[in-house]
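In our numbering, the protein residues as written are 1058 to 1129.
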Amino acid sequence: MINMFEVYKFESLSKDDKPTVILIILIGILIFIILCWLMFLYISALKGKAKKLGINHKEQITKVIRKIKKQH
């Protein structure tokens, strides 16, 4: 069993626990990358809707967001 308070002491873990800790860290990094990618896609979609409405300025993108929220 992994004691989460001992994870930062990587050397003190048993040989069976080290791959588990590495796997948990890699899964965390993967989830972070996926969330960043989804935020990028969301922002790109908002910019696309703003261009379709003829809005090019960053300040006016918030108006598009408000219009979209009012529609839903």
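Cβ coordinates follow ideal geometry from the N, Cα and C atoms, glycine included.
Cβ neighbours of residue i in the same chain (closer than 8 Å, five flanking residues each side left out)
| i | result |
| --- | --- |
| residue 1089 | none |
Three-state secondary structure assigned by DSSP to residue i
| i | result |
| --- | --- |
| residue 1074 | helix |
For residue i, the nearest candidate out of the options (CA to CA)
| i | options | result |
| --- | --- | --- |
| residue 1104 | 1075, 1086, 1127, 1121 | 1121 |
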